[in-house]
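Residue numbering for the sequence shown follows my numbering, beginning at 1 and increasing consecutively.
In this text, a Cβ means the ideal position worked out from N, Cα and C, and glycines have one as well.
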Amino acid sequence: MHYVGRGAIVAQPMDHMTHTLSPSDSPRAVAEVLALVVAVQPDCEASQARMLHELDAYRRIGMSQTEFNGLVEHFRQAALAEHGYPHLDDLALIDELLDGVHDERHRLLLCRMTSCLITVDGQIDDFERTLYDRMLLRWGYTRTSVSRAILAEHMQ
(Lines of atoms letter the chains of each structure in order from A; the text may use other names.)
(Lines give C-alpha, C1' and ligand atoms only; values in the text may rest on other atoms or scores of the structure.)
Protein backbone atom coordinates (compact mmCIF):
# COMPACT_ATOMS: atom_id res chain seq x y z
CA MET A 1 0.00 0.00 0.00
CA HIS A 2 1.45 3.33 -0.95
CA TYR A 3 0.28 6.05 1.36
CA VAL A 4 0.20 9.46 -0.20
CA GLY A 5 0.81 11.17 3.14
CA ARG A 6 -1.10 12.95 5.83
CA GLY A 7 -2.00 15.78 3.45
CA ALA A 8 -3.74 13.51 0.93
CA ILE A 9 -7.23 14.18 2.25
CA VAL A 10 -7.67 17.48 4.03
CA ALA A 11 -9.93 17.41 7.07
CA GLN A 12 -12.10 20.44 7.72
CA PRO A 13 -11.94 22.12 11.15
CA MET A 14 -14.33 20.53 13.62
CA ASP A 15 -16.09 23.38 15.42
CA HIS A 16 -18.61 21.04 17.04
CA MET A 17 -16.10 18.82 18.85
CA THR A 18 -17.16 18.00 22.40
CA HIS A 19 -13.69 17.03 23.59
CA THR A 20 -10.20 18.31 23.05
CA LEU A 21 -7.49 16.17 21.55
CA SER A 22 -3.95 16.69 22.73
CA PRO A 23 -1.82 18.75 20.31
CA SER A 24 -0.05 15.63 19.09
CA ASP A 25 -3.34 13.81 18.53
CA SER A 26 -5.22 15.60 15.80
CA PRO A 27 -8.64 14.22 14.89
CA ARG A 28 -7.06 13.13 11.63
CA ALA A 29 -4.30 11.09 13.33
CA VAL A 30 -6.85 9.28 15.48
CA ALA A 31 -9.26 8.80 12.54
CA GLU A 32 -6.54 7.40 10.26
CA VAL A 33 -5.92 4.48 12.60
CA LEU A 34 -9.61 3.65 12.79
CA ALA A 35 -10.05 4.16 9.03
CA LEU A 36 -7.33 1.61 8.32
CA VAL A 37 -9.12 -0.90 10.56
CA VAL A 38 -12.35 -0.36 8.63
CA ALA A 39 -10.58 -0.44 5.27
CA VAL A 40 -9.22 -3.94 5.80
CA GLN A 41 -12.77 -5.36 5.99
CA PRO A 42 -14.48 -4.22 2.77
CA ASP A 43 -16.90 -7.14 2.79
CA CYS A 44 -18.68 -6.16 6.01
CA GLU A 45 -19.27 -2.47 5.38
CA ALA A 46 -22.90 -2.40 6.61
CA SER A 47 -22.13 -4.10 9.92
CA GLN A 48 -19.12 -1.85 10.43
CA ALA A 49 -21.25 1.23 9.80
CA ARG A 50 -23.76 0.07 12.42
CA MET A 51 -20.95 -0.61 14.89
CA LEU A 52 -19.37 2.80 14.30
CA HIS A 53 -22.71 4.44 15.06
CA GLU A 54 -23.24 2.26 18.16
CA LEU A 55 -19.78 3.26 19.38
CA ASP A 56 -20.50 6.95 18.65
CA ALA A 57 -17.17 6.77 16.85
CA TYR A 58 -17.36 9.90 14.70
CA ARG A 59 -17.99 12.20 17.64
CA ARG A 60 -15.42 10.42 19.77
CA ILE A 61 -12.65 10.71 17.19
CA GLY A 62 -13.60 14.27 16.28
CA MET A 63 -14.28 13.76 12.58
CA SER A 64 -17.44 13.80 10.50
CA GLN A 65 -18.70 10.58 8.96
CA THR A 66 -18.13 11.99 5.46
CA GLU A 67 -14.49 12.85 6.18
CA PHE A 68 -13.94 9.49 7.86
CA ASN A 69 -15.43 7.62 4.91
CA GLY A 70 -13.05 9.55 2.65
CA LEU A 71 -10.10 8.23 4.66
CA VAL A 72 -11.44 4.68 4.48
CA GLU A 73 -11.86 4.96 0.72
CA HIS A 74 -8.34 6.37 0.39
CA PHE A 75 -6.86 3.36 2.21
CA ARG A 76 -8.96 0.93 0.19
CA GLN A 77 -7.97 2.48 -3.14
CA ALA A 78 -4.30 2.55 -2.17
CA ALA A 79 -4.45 -1.11 -1.09
CA LEU A 80 -6.35 -2.22 -4.16
CA ALA A 81 -3.94 -0.43 -6.46
CA GLU A 82 -0.98 -2.27 -4.94
CA HIS A 83 -2.14 -5.76 -3.86
CA GLY A 84 -5.91 -5.91 -4.13
CA TYR A 85 -6.11 -5.86 -0.32
CA PRO A 86 -4.06 -4.45 2.56
CA HIS A 87 -0.91 -6.54 2.83
CA LEU A 88 1.46 -7.48 5.64
CA ASP A 89 4.18 -5.59 3.78
CA ASP A 90 2.36 -2.47 4.93
CA LEU A 91 3.71 -2.62 8.50
CA ALA A 92 5.67 0.60 8.01
CA LEU A 93 2.43 2.43 7.20
CA ILE A 94 0.70 0.84 10.17
CA ASP A 95 3.54 1.88 12.47
CA GLU A 96 3.49 5.42 11.08
CA LEU A 97 -0.22 5.74 11.75
CA LEU A 98 0.03 4.22 15.23
CA ASP A 99 2.94 6.51 16.11
CA GLY A 100 0.76 9.51 15.23
CA VAL A 101 -1.40 8.87 18.32
CA HIS A 102 0.32 9.71 21.60
CA ASP A 103 -2.42 10.24 24.17
CA GLU A 104 -3.13 7.12 26.27
CA ARG A 105 -6.89 7.80 26.29
CA HIS A 106 -7.01 7.93 22.50
CA ARG A 107 -4.88 4.83 22.18
CA LEU A 108 -7.13 2.86 24.51
CA LEU A 109 -10.24 4.20 22.78
CA LEU A 110 -8.86 3.05 19.41
CA CYS A 111 -8.00 -0.38 20.83
CA ARG A 112 -11.52 -0.74 22.21
CA MET A 113 -13.13 0.34 18.94
CA THR A 114 -10.81 -1.89 16.92
CA SER A 115 -11.68 -4.88 19.08
CA CYS A 116 -15.36 -4.30 18.33
CA LEU A 117 -14.85 -3.67 14.62
CA ILE A 118 -12.65 -6.67 13.84
CA THR A 119 -15.15 -9.04 15.48
CA VAL A 120 -18.29 -7.52 13.96
CA ASP A 121 -18.50 -10.17 11.24
CA GLY A 122 -17.93 -13.07 13.65
CA GLN A 123 -14.44 -13.87 12.43
CA ILE A 124 -10.99 -12.30 12.53
CA ASP A 125 -8.78 -12.74 9.47
CA ASP A 126 -4.98 -12.77 9.55
CA PHE A 127 -4.56 -9.13 8.58
CA GLU A 128 -7.11 -7.92 11.16
CA ARG A 129 -5.35 -9.94 13.85
CA THR A 130 -1.94 -8.64 12.78
CA LEU A 131 -3.17 -5.05 12.77
CA TYR A 132 -4.80 -5.40 16.21
CA ASP A 133 -1.84 -7.25 17.72
CA ARG A 134 0.52 -4.62 16.31
CA MET A 135 -1.59 -1.90 17.90
CA LEU A 136 -1.57 -3.65 21.28
CA LEU A 137 2.16 -4.37 21.18
CA ARG A 138 3.17 -0.90 19.99
CA TRP A 139 1.01 0.84 22.59
CA GLY A 140 1.65 -1.58 25.48
CA TYR A 141 -1.83 -3.08 25.93
CA THR A 142 -3.02 -6.66 26.19
CA ARG A 143 -6.26 -8.19 24.98
CA THR A 144 -7.22 -8.54 28.63
CA SER A 145 -6.63 -4.86 29.42
CA VAL A 146 -8.72 -3.83 26.40
CA SER A 147 -11.49 -6.25 27.38
CA ARG A 148 -11.52 -4.77 30.87
CA ALA A 149 -11.73 -1.25 29.43
CA ILE A 150 -14.69 -2.29 27.25
CA LEU A 151 -16.42 -3.86 30.24
CA ALA A 152 -15.73 -0.78 32.39
CA GLU A 153 -17.31 1.47 29.75
CA HIS A 154 -20.44 -0.70 29.65
CA MET A 155 -20.68 -0.67 33.45
CA GLN A 156 -20.83 3.14 33.59
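- The beta carbon of G100 is closer than 6 Å to those of A29 in its chain, skipping five residues each way along the sequence.
- For the pair A49 and V72, the CB atoms are not nearer than the 8 Å cut-off.
- Taken in chain order, the whole alpha helix (DSSP H) runs of length 4 or more contained in the segment 116-144 are 126-139.
- CA-to-CA, the gap between L98 and R138 works out to about 8 Å.
- The straight-line gap separating the alpha-carbon atoms of L55 and A78 is approximately 27 Å.
- Nearest to I61 by alpha-carbon distance, out of A39, I94, H106, H74, is H106.
- Selection C116, L110, E128 evaluated against G140 yields L110 as nearest (Cα-Cα).
- CA-to-CA, the gap between V33 and R148 works out to about 21 Å.
- In terms of Cβ geometry, Q41 and D95 do not form a close pair [threshold 8 Å].
- Sequence-distant Cβ neighbours of V146 in its own chain, meaning closer than 8 Å and more than five residues away, are L108, C111, R112, S115, L136.
- Between the C-alpha atoms of V37 and I118 there is a straight-line separation of about 8 Å.
- In the three-state scheme derived from DSSP, where H, G and I count as helix and E and B as strand, H106 is classed as helix.
- Apart from the 5 residues on each side of it in sequence, A31 sits with its Cβ closer than 8 Å to the Cβ of A11, I61, G62, M63, E67, F68, L71 in its chain, given in chain order.
- A straight-line Cα-Cα distance of about 15 Å links Y132 and I150.
- Relative to A57, the option among P27, E128, F127 whose CA is nearest is P27.
- The three-state secondary structure of M155, taken from DSSP, is helix.
- Under the three-state reduction of DSSP output, M51 falls in the helix class.
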